[in-house]
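Input: a single structure, listed below in structure tokens.
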Amino acid sequence: MEKISLTALAREQLELARSHNSGRSAHTVYGGHEHSLRQTLIALAGGNKLDEHEAPEEATLYVVSGRVRLGDGTSHWEG
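In this note's numbering, the protein residues as written are 5 to 83.
The following block contains the structure:
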């Protein structure tokens, strides 16, 4: 089992996101295409967003820092 600081990883990925033209960066914390469970830390620089995309039916969103708006086309959540 690997121990990882999500706070430190979030800071690192946010720095990368701020330096990329896309304004985002991601790091797979656990899993990948060969696993049924995948955990990915995604960092978005302020004012950026992820485009609509196909996603698994179930997901968990854990906000390490900042605020997000999450929508599914018919409703949204902010926090």
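Positions of the beta carbon are idealized from the N, C-alpha and C atoms, including for glycine.
Fill in: At least three beta-carbon pairs within less than 8 Å, the segment 53-62 to the segment 30-40
Touching, no.
Worksheet item: According to the Cβ coordinates, are R49 and A12 closer than 8 Å?
Response: The sequence as given places Ala at residue 49; Arg does not occur at that position. With contacts defined by Cβ atoms closer than 8 Å, A49 and A12 do not form a contacting pair.
Discussion item. Which same chain residues end up closer than 8 Å to G75 when comparing Cβ atoms and leaving out the 5 residues on each side of it in sequence?
Written reply: Here the set comprises W81.
Practice prompt. Sort A47, S9, G70, Y34 by Cα distance to H24 and report the nearest one.
Written response: Comparing Cα-Cα distances from H24 to each of A47, S9, G70, Y34, the minimum goes to A47.
Discussion item. Measuring straight from C-alpha to C-alpha, what distance separates Q17 and S69?
Written reply: Q17 and S69 have their C-alpha atoms roughly 12 Å apart.
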